[in-house]
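Here the structure is laid out as structure tokens; the discussion comes afterwards.
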Amino acid sequence: MPDSMKAKSIDASSVNTGKINAETIARELSERLDTLTAAVDTQEVSVVDEVGDGIARVSGLRSAMSGELLEFKSDETGQTVFGLAQNLDRNEVGAVLFGEVSLIREGDECRTTGRIMDIPVGRSMLGRVVNSLGQPIDGGPDIVTTHRRPIEFKAPGVIARTPVSEPVQTGLLAIDSMIPIGRGQRELIIGDRKTGKTSIAVDAIINQRGKDMICIYVAIGQKASTVANIRATLAAHDALDYTVIVSATAADSAPMQYIAPMAGAAIGEFFMYNGEDDRPASADNHGGHVLIIYDDLSKQAVAYRQMSLTLRRPPGREAYPGDIFYLHSRLLERACKLSEENGFGSMTALPLIETQDGDVSAYIPTNVISITDGQIYLQSELFHQGQRPAVDVGISVSRVGGAAQTKAMKQVSGSLRLDLASYQELAGFAQFGSDLDSATQKQLTHGSHMTELLKQPRFKPLDVVDQIAALFAGNEGFVDDLPIAQVTSFRDDLVRHLDAAFGPLLNELRDKKIQGDLENRLKQAIADFKKDFCSKHAAESQGGSADGSARTESGRVQKDASADADSEKS
């Protein structure tokens, strides 16, 4: 019998059986409907009207949202380029393009995605150099991760935060003593170009080794060679294992430089909001601690100005758009110290700002100063005088970091800022007169030696207990009678001696005040070392002078002999 005849006979039998067949059909339909998953694709599709300078204008995207990720497809190559919706005009959408922007032409397809821009994040990014899209650019293997985070994320509210209470040690004596930084703080590093801003940031990263801190260095508009040097420096000091470098070099487009700080913040937020098991942080699963460097936000502001002018937004002061303050405030507010319920995680931000000829009253510097919790001002005059780091203690301040200092550090650094300010004032007056009383002369001597004590070479951070011991020695006058040239060598030799011979004593300085028996033992240890130091240098100077006299006498004898030989010849 043919199949069609069989089907007809089955249908006929079904009709004859009546109720039983109807129930079977209903059950079959119900089971099949339960397995269906309905999905509605609400993408809008249009074409590019105009493209140039990394900006595309698209008409017909009625439902596009501000900050939405747009997908552009090249008709010529079939490749996809992503963009970010910025301007929502009545008849068109202005978008900035990322990646190979030269692939997109007029008439190419553009469609909405219904989501905001996100990038890959995760622990597999540690030790890598990535671009603003989270893609590796260091020549290494692909980054394998299942985690992603949006580049724009709402900052935690007031209830989700807790006050700053833990220190972030930079390893720099001048900063950790007078301008302390706490976990969750935003501390601005500001100064002219070539005054050591990046050096302070790199020193801070190097000093986090072994301190359970993830570091993120965001290079905005830097030379590629500069980023390569920083990576090599971090690798040489074993600091690359806990560091992620996000790089948008000067060769990258303005949109890539614009989103670089936000991409760095997204990577940092992954560690702050998640525990070591990569699960959401809580009171039982503490979040991580992050130090993020924005080097520098001046260049991000310039990139945003370039984007905004190309998008034909109305310019404001110094041609910056009106929302430039909001750009930096919503970025820096993402750095915080979370509450116990949110896992105690933290993100500490060190934004850098470059000034022109020391002008801190310009638009961008004043904006960022008003957003942050303090600033470290680096002065070019101090830098050229050999004061490294060139911190101007007069206008540098940390508004909340004092609560994070240890007891001993707060004790030894309490009057340091005032002493140095008084010394600088007296040193200016001392240039105009030579008749100084003994008290003034003593203050000048102490100030000059303390200033010398604070000098520190690059990439040589000091542990906090070594800093406390060095400042204690300076405050107690142990360095005042030393030659200025020997102060830094005295400090370095002292901390090495104390680390080797008085380890338990130094460990007490981590959580105790210097008083009573602890103070007496520390004074005695420094006094004994100073005797050995002075006798050693006295012997070296005597040996050097004796060698010099011998060389002088030998030269005189040789000169007399040659003179006698010349007279005999004549």
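Residue numbers for the sequence shown follow UniProt numbering, so the first one is 1 and each next one is one higher.
Glycine included, every Cβ here is placed at the ideal spot set by N, Cα and C.
Bear in mind the structure is a predicted one, so any value in this text is a computation, not a measurement.
**Cα-Cα separation between serine 63 and glutamate 44, rounded to whole angstroms** = Taking the first residue of the sequence shown as position 1, residue 63 is located at position 63. Taking the first residue of the sequence shown as position 1, residue 44 is located at position 44. C-alpha separation (whole angstroms): 8 Å.
**Asked** glutamate 318: which of Gln185, Thr451, Phe478 and Ser298 sits nearest, CA to CA?
**Response** On the sequence shown, residue 318 is found 318 positions in, with the first residue counted as 1. Closest by alpha carbon: Ser298.
**Message:** Out of Ser199, Pro261 and Val464, which one is the CA nearest neighbour of threonine 249?
**Reply:** In the sequence shown, residue 249 corresponds to position 249, counting from 1. Checked all of Ser199, Pro261 and Val464; the closest Cα to threonine 249 is Pro261.
**Asked** Can the beta-carbon of isoleucine 245 be found less than 8 Å from the beta-carbon of valine 412?
**Response** As a working mapping, residue 245 is identified with position 245 in the sequence shown. As a working mapping, residue 412 is identified with position 412 in the sequence shown. No. Outside cutoff.
**Request:** Go to serine 346, then tell me how far its beta strand (DSSP E) extends in each direction, as first and last residue.
**Result:** The residue given as residue 346 occupies position 346 in the sequence shown. Here the beta strand (DSSP E) through serine 346 covers 346-354.
**Asked** threonine 445 and aspartate 480: beta carbons closer than 8 Å?
**Response** Residue 445 sits at position 445 when you count from the first residue of the sequence shown. Residue 480 sits at position 480 when you count from the first residue of the sequence shown. Yes, they are a contact pair.
**Asked** Between the Cα of glutamate 463 and the Cα atoms of Met117, Gly516, Met125 and Gly171, which residue gives the shortest distance?
**Response** Working through the sequence shown from its first residue, we reach residue 463 at position 463. In the sequence as displayed, the identity of residue 463 is aspartate instead of glutamate. Comparing Cα-Cα distances from aspartate 463 to each of Met117, Gly516, Met125 and Gly171, the minimum goes to Gly171.
**Prompt:** Is arginine 148 helix, strand or coil when you go by DSSP?
**Reply:** Here the question's residue 148 lines up with position 148 in the sequence shown. Looking at arginine 148 - three-state DSSP - the assignment turns out to be strand.
**Asked** Where does alanine 469 fall in DSSP's three states?
**Response** One-based indexing of the sequence shown puts residue 469 at position 469. Alanine 469 falls in the helix class under three-state DSSP.
**Asked** Between glycine 83 and leucine 70, is the Cβ-Cβ spacing less than 8 Å?
**Response** For the purposes of this step, residue 83 is taken as residue 83 along the sequence shown, with counting starting at 1. For the purposes of this step, residue 70 is taken as residue 70 along the sequence shown, with counting starting at 1. Taking 8 Å as the Cβ cut-off, glycine 83 and leucine 70 qualify as a contacting pair.
**Asked** Cα separation between alanine 469 and alanine 500?
**Response** Position 469 of the sequence shown holds residue 469. Position 500 of the sequence shown holds residue 500. Computed Cα separation, rounded: 14 Å.
**Asked** Who are the Cβ neighbours of valine 310 in its own chain at under 6 Å, not counting the five residues just before and after it?
**Response** Looking up residue 310 in the sequence shown gives position 310. First, the residue type needs correcting, since residue 310 is threonine and not valine in the sequence shown. So the list reads Asp53 and Ile55, once near-sequence residues are dropped.
**Prompt:** Taking C-beta to C-beta, are glutamate 508 and isoleucine 484 nearer than 8 Å?
**Reply:** Counted from its first residue, the sequence shown places residue 508 at position 508. Counted from its first residue, the sequence shown places residue 484 at position 484. Taking 8 Å as the Cβ cut-off, glutamate 508 and isoleucine 484 do not qualify as a contacting pair.
**Prompt:** Does the segment 326-337 come close enough to the segment 171-180 that 3 or more CB-CB pairs lie under 8 Å?
**Reply:** Flag = no, the segment 171-180 and the segment 326-337 do not touch.
**Message:** By the three-class DSSP mapping on this structure, what secondary structure does residue 638 have?
**Reply:** For residue 638 there is no data in the structure shown, the boundaries of the chain being 1 and 570.
**Message:** In whole angstroms, give me the CA-to-CA distance for leucine 352 and glycine 191.
**Reply:** In the sequence shown, counting from the first residue as 1, residue 352 sits at position 352. In the sequence shown, counting from the first residue as 1, residue 191 sits at position 191. In a straight line, the C-alpha of leucine 352 is about 8 Å away from that of glycine 191.
**Request:** Output yes or no for whether 8 Å exceeds the beta carbon distance between isoleucine 189 and isoleucine 376.
**Result:** Residue numbering aside, residue 189 sits at position 189 when the sequence shown is read from its first letter. Residue numbering aside, residue 376 sits at position 376 when the sequence shown is read from its first letter. Cβ distance < 8 Å, so isoleucine 189 and isoleucine 376 count as in contact.
**Message:** Considering only the alpha carbon of each residue, which of Val495, Asp49, Phe383 and Gln405 lies closest to isoleucine 200?
**Reply:** Here residue 200 refers to the residue found at position 200 when the sequence shown is read from its first residue. Ranking Val495, Asp49, Phe383 and Gln405 by Cα distance to isoleucine 200 puts Phe383 first.
**Contacting residues, own chain, Cβ-Cβ under 6 Å from alanine 219 (five flanking each side not counted)** = Position 219 of the sequence shown, counted from the start, is the residue given in the question as residue 219. So the list reads Val227, Ser247 and Asp295, once near-sequence residues are dropped.
**Item:** Buried/exposed call for alanine 546, threshold 16 Cβ in 10 Å
**Value:** The residue labelled residue 546 in the question sits at position 546 within the sequence shown. No answer about alanine 546 holds up, because its pLDDT of 49 lies below 50 and its placement is not dependable.
**Item:** Bridge-paired residues (DSSP) for glutamate 92
**Value:** For the purposes of this step, residue 92 is taken as the residue at position 92 of the sequence shown. DSSP lists Ser59 as partners of glutamate 92.
**Cβ-based neighbour list, alanine 473, same chain, cut-off 7 Å, excluding 5 preceding and 5 following** = In the sequence shown, the residue the question calls residue 473 occupies position 473. Hits under 7 Å: Val479, Leu494 and Ile526.
**Prompt:** What residues in its chain sit with their C-beta under 8 Å from that of threonine 440, if we drop five residues either side in the sequence?
**Reply:** For the purposes of this step, residue 440 is taken as residue 440 along the sequence shown, with counting starting at 1. Hits under 8 Å: Leu426 and Ala430.
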